[in-house]
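Residue numbers (my numbering), protein chains in the order written: chain A, 956 to 1356; chain B, 3 to 277.
Everything below concerns the one structure shown next.
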Amino acid sequence: MKNVIFLTIDALRKDVLGCYGNKDELTPFIDSLQDKCIKFTNAQSTGPYTQASFPGILTSSYYLEYGRQKKCSPKRTLISEVLKKSGITTAAFHSNPYLCDYFGWNRGWDIFYDSMQDEVSDTVPYIKGDGINHKVDQWLSSYIKNDNYRPFFLWTHYMDIHEPYIPAREYLDKVDPSIDLSEDEMLILFKGIILKRDISNQEIVKLLKKLYDAEVRETDDYVKEFFKILEKYGVLKDSVIIITADHGDEFGEHNSLSHDGKMYSELINSPLLIYSNNRTSVKVYDKLVSHIDISPTIIYLFGLEPLKEFKGHSLLPLENYPQKGIFGEAIGKTSSHEKETDKPIYFYQEDDLKIIYREDDQSWEMYDLNRDPQELNNLINTSAKSEDMKKKLIPQINRWQ
Amino acid sequence: MNEEVKKRNPELIEKSKQVVREAFEKYDPDKCAITWTGGKDSTTNLWIIRQVCLEENIDLPQVITIDEGDAFPEITDFLVTISKKWHIDLKWLCNFNVLKCCQSHLGNDIQVKDLDERNQAELKRIEFEFESFPFEAESYAGNHLMKTVVLNKFIEESNTELLFMALRRDEQVARKEDEYFTHHEAGYLMPEHTRVSPILHFTERDIWENIKLHNIPYCPLYKLGYRSLGARTASNPGEVGIPAWEQDLENTPERAGRRQDKEKAMERLRKLGYM
């Protein structure tokens, strides 16, 4: 039995990756992996920010399934709980405060590092990728010596791309050496522009995107280092590695910044790669899939029976994956913080057609992602398919009534 | 107590004593101070430092404790009793201005404008931008004013150069500076000083084994199941009714009962822009 290693990268947009068509060479290492990958070109998150997307990723359930709760509901089943019960070692290393012990994401892990006991810098309040890698290295170095070595499930999450965008000089130089900003100035951009969702100055928005790109370039190096660690301990060849992002990030595409409660592609269209050492050429899978399917896939990879609590379907074997519509939900917040008064937002997608319902103003939107990938042309009042699509989303919206 | 512990324990203590001796070689004991919360770690730390002082005929440096305004009575009693027993002239530190502003009542709101100049400046320093906050020792603003500020003021006013702390390496998983001595540069409202943690290499298990082996006194709350003691309203037992030393120390988090975890999460989220 192989190990399964799950690498998630916070706020990583799909369109910055070279293997998804970007020409700026921001991810040379991840791109170099693709020959050994199944590459999903149409994978969606279940929500546009961490609290809304991680229930989909690690519990194969939707954000509002158990009501609006800040903590991970005890009714959710974490993939770690299922695996641990089956005798698989489970280890998690991350630094996202929303996924920490306090919010209940520590269930089912033999090793759970959420960095909350460690000191972080004042400006960037999380452990950077090299720190996370160091923890993984320490753990693996002792784990592989263990007499009763068992296959393991390792989840690693990098925060580095998440705002505030304060890339190291070295990486900024790789993206645009002409940018001359101090750390303090980058922090001012964070507080004065990003937090205020101010997109009035296009030049500043472009500058922010470059800082973001530099963080992407930096993170690619952490992924490279991570693979080196796996190789050093000889576990790379015995592991399947799934790589994805929890959500994307916006740079004015729909009149805002960061990642609020919206369901457009810059926020929910995720990269998704499944790496296996014995693959020799890339397999591109372009049908619609969802993060909801990741935990069932991990179950499948460990040879366990599908779990009825999980809402998704294993992506593997590919030929058995059903063509289906996919769903997601969040709170339609318009700033970084979810307010009590903010109301839910839902989406449903089939092939290239995506319908969105915002409860706040009871508005509907529908987009043809093939013809209108930027989602600017709302078809809800003009398309013959609108009613049919509404009918498919409404039962999800009303599912508790 | 098994043989391995009996062999290992003197090595642990000797290492700590070496660090204490090194501290006294570098710093005049008059310029040193020892922090003591009444918890298991700082009591162990004090016990070791006191031993070195007795052996080397050095006057025990000033021992200080911080009253956060929300202490367990059991902890206060413990501090008083052991001070007498060990002949310690314990100095109690407190941010009285904050207590005054909330009439010493937990949960009462404190208006920032009512605080004195220093406290207001301190809140500005940590970029606390609200007009008021509820008085809780382990809230973001409360923690800073009731602990950090009090300690900094003491260091400044007493010209302390070295502070004995009781940090343990296993408590702080990825401590980058894995050193016994850490130097803190002067900054705005922050006096220059050095900190030393002689028990850095002790694990939670080592602490309990050492306490049992040498009959070191400990606060009775640990017997009720508390693993880590902070402010009263922010600490909960790990497993109720099971003494701390009988719990699964290696596989369950020591500080899980402390609300500080929540505060830390909130503080980081705030810095990410989420609050």
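Even glycine gets a Cβ: it sits at the ideal position worked out from N, Cα and C.
Remember, predicted model here, so these are calculated numbers, not experimental data.
Whole-angstrom distance between glycine 275/B and asparagine 1051/A, CA atom to CA atom: 13 angstroms
Stretch-stretch touch, CB-based, cutoff 8 angstroms, three pairs: the region 1182-1192 of chain A with the region 1116-1131 of chain A: no
Residues that phenylalanine 1058/A contacts on chain B, provided the C-beta gap is smaller than 8 angstroms: Ala267
Same chain, Cβ closer than 8 angstroms to lysine 266/B, five either side skipped, listed in chain order: none
Serine 1245/A versus tyrosine 1017/A - alpha carbon distance: 11 angstroms
Span separating the alpha-carbon of lysine 178/B from that of tryptophan 1319/A: Its pLDDT being 43, under 50, lysine 178/B is placed unreliably by the model, and nothing is read from it.
Chain B contacts made by the region 1287-1320 of chain A, where a contact means CB separation under 8 angstroms: Ser1291, His1292
Leucine 1331/A classed as buried or exposed, judged by whether at least 16 other C-beta atoms fall within 10 angstroms: exposed
Beta carbon proximity, valine 1244/A to chain B, threshold 8 angstroms: no
CA-to-CA distance, isoleucine 993/A to leucine 1273/A, given in whole angstroms: 10 angstroms
CB contact flag (glutamate 206/B, aspartate 172/B, <8 angstroms): yes
Any C-beta of chain B under 8 angstroms from that of cysteine 1027/A: no
is_contact[tyrosine 276/B, chain A] using C-beta, thresh 8 angstroms: yes
Cβ pair isoleucine 60/B, phenylalanine 156/B closer than 8 angstroms: no
Strand pairing of cysteine 103/B, partner residues [DSSP]: Answer is none; cysteine 103/B lacks a bridge partner.
Separation of glutamate 252/B from asparagine 4/B, as counted between CA atoms: 18 angstroms
First and last residue of the uninterrupted alpha helix (DSSP H) at histidine 186/B: Not the alpha helix (DSSP H): histidine 186/B falls in the beta strand (DSSP E), residues 183-186.
Residues from the region 146-173 of chain B in contact with chain A, defined by Cβ distance under 9 angstroms: Glu173
Contact with chain B by proline 1003/A, beta-carbon distance below 8 angstroms: no
Cut-off 7 angstroms between Cβ atoms - residues of its own chain near valine 1239/A, not counting five sequence neighbours on either side: Lys994, Thr996
CB contact below 8 angstroms: leucine 271/B versus chain A: yes
Neighbour flag for histidine 1049/A against chain B, beta carbons, 8 angstroms: no
Rounded distance between the beta-carbons of valine 1091/A and isoleucine 1184/A, thought under 8 angstroms: 6 angstroms
Proximal residues to leucine 967/A (C-beta, below 6 angstroms), its chain only, five neighbours per side dropped: Ile1116, Ala1200
Neighbour flag for leucine 1150/A against chain B, beta carbons, 8 angstroms: yes
Neighbourhood of aspartate 1307/A by C-beta, 6 angstroms cutoff - its chain only, sequence neighbours within 5 removed: Asp1323, Leu1324, Asn1325
Range of the contiguous alpha helix (DSSP H) that encloses glutamate 1221/A: 1220-1223
Proximity of serine 1008/A and histidine 1268/A at Cβ, strictly below 8 angstroms: no
C-alpha distance - glycine 71/B paired with methionine 148/B, whole-angstrom precision: 8 angstroms
3-residue-minimum beta strand (DSSP E) runs that sit fully inside the region 1010-1083 of chain A, ordered along the chain: 1044-1048, 1066-1068
Closer than 8 angstroms to chain B by CB, proline 1122/A: no
Member of Ser987/A, Ile1012/A, Trp1060/A whose CA lies at the smallest distance from the CA of serine 1225/A: Ile1012/A
Burial state of threonine 1045/A, where buried means 16 or more other Cβ atoms lie within 10 Å: buried
Contacts around asparagine 11/B, its chain only, beta-carbon distance under 7 angstroms, and the 5 residues preceding and following it disregarded: Glu211, Asn212, Leu215
Where serine 85/B falls: helix, strand or coil (DSSP): helix
Selection of the region 1190-1203 of chain A by Cβ proximity to chain B, strictly under 8 angstroms: none
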